[in-house]
């Protein structure tokens, strides 16, 4: 079964550093998402991406965050200057978008630890 | 966006049926009800989706009464591996829509 993959599985970085989290969505999917989950809290939407542009973003997704689909397969989330409170699991998800079934497929996540 | 309310946690035993009820009193006409499952340190996984009456797949059943103000996810004969958090989501099925997760129900299956 096709799956969303994410790398790295765990990233440790120092406060103020830039990080790039990578995702490979399922190949025929058209909609892409990033979510995050702070330890012990609920899954929060960050941003959705369609047709090479952001279609929606949350309040969390401020100027420190950016997304890109550089080569038609990878989908990246960049945090320009990490803060301690950015420590969380970051999940990438993708969706076909051509069917009525509203199923998003999530990757295994990247655990980001900011020290 | 329809607000959902579900129990914080439930305990069960292997082989039992687990029923999780979610209330969504202000569900809109265009809204569908979707359930996701999340194991520790993993991303959420789609379980089932419905609009009204009953939907069944190989994993679960979803019961939705006529007024659609609540729904019940039924997991038949659970095993230890069904220990997870189960989320009820309600929203328009328009393509591209984000998922809005609540706190979910933490189900613990005991031997």
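Protein chains in written order, with the numbering used here: chain A, 1 to 115; chain B, 1 to 111. Heads up, the beta-carbon is just placed ideally off N, CA and C, and yes, glycines get one too.
Using the Cα positions of residue i and residue j, report the straight-line distance between them to the nearest angstrom.
| i | j | result |
| --- | --- | --- |
| residue 94 of chain A | residue 15 of chain A | 29 Å |
| residue 46 of chain B | residue 63 of chain A | 31 Å |
| residue 67 of chain B | residue 29 of chain B | 11 Å |
| residue 79 of chain B | residue 15 of chain B | 6 Å |
| residue 69 of chain B | residue 115 of chain A | 45 Å |
| residue 27 of chain B | residue 34 of chain B | 12 Å |
| residue 99 of chain B | residue 91 of chain B | 8 Å |
| residue 42 of chain B | residue 37 of chain A | 11 Å |
Residue i versus chain B: which residues are under 7 Å apart at the beta carbon?
| i | result |
| --- | --- |
| residue 56 of chain A | 98 |
| residue 91 of chain A | 43 |
Taking Cβ positions, are residue i and residue j nearer each other than 8 Å?
| i | j | result |
| --- | --- | --- |
| residue 110 of chain A | residue 6 of chain A | yes |
| residue 13 of chain B | residue 110 of chain B | yes |
| residue 104 of chain A | residue 50 of chain A | no |
| residue 52 of chain A | residue 96 of chain A | no |
| residue 105 of chain B | residue 6 of chain B | yes |
| residue 92 of chain A | residue 8 of chain A | no |
Run down chain B in chain order and give the residues with a C-beta less than 9 Å from the C-beta of residue i.
| i | result |
| --- | --- |
| residue 72 of chain A | None at all; the shortest Cβ gap to chain B is about 19 Å. |
| residue 108 of chain A | 41, 42, 43 |
Please indicate yes or no: does the CB of residue i lie closer than 7 Å to some heavy atom of the ligand FAD?
| i | result |
| --- | --- |
| residue 5 of chain B | Ligands are entirely absent from the displayed structure, and the ligand FAD is therefore not among its contents. |
Of all the options the options, which has the alpha carbon lying nearest to the alpha carbon of residue i?
| i | options | result |
| --- | --- | --- |
| residue 58 of chain B | B:74, B:90, B:43, B:69 | B:74 |
| residue 39 of chain A | A:79, A:87, A:70, A:24 | A:87 |
| residue 88 of chain B | A:42, A:23, A:37 | A:42 |
| residue 44 of chain A | B:44, B:101, B:107, B:106 | B:101 |
| residue 51 of chain B | B:18, B:72, B:81 | B:72 |
| residue 46 of chain A | A:19, A:35, A:55 | A:35 |
| residue 142 of chain B | B:93, B:86, B:97 | No statement about residue 142 of chain B is possible, as the shown extent of chain B runs from 1 to 111 and does not include it. |
Counting only Cβ pairs nearer than 8 Å, list the residues of chain B close to residue i.
| i | result |
| --- | --- |
| residue 11 of chain A | Residues of chain B passing the Cβ test: none, with the nearest at roughly 15 Å. |
Strictly below 9 Å CB to CB, what residues from chain A border residue i?
| i | result |
| --- | --- |
| residue 101 of chain B | 35, 37, 42, 43, 44, 45 |
**Item:** Interface residues of the region 34-60 of chain A facing chain B [CB-CB below 7 Å]
**Value:** From the region 34-60 of chain A, only 42, 43, 45, 48, 50, 55, 56 have a Cβ closer than 7 Å to chain B.
**Asked** Going along the region 26-58 of chain B in order, which residues come within less than 8 Å of chain A, judged by CB to CB distance?
**Response** Close to chain A, meaning a Cβ-Cβ distance shorter than 8 Å, are the following residues of the region 26-58 of chain B: 32, 34, 38, 41, 42, 43, 44, 45, 46, 49.
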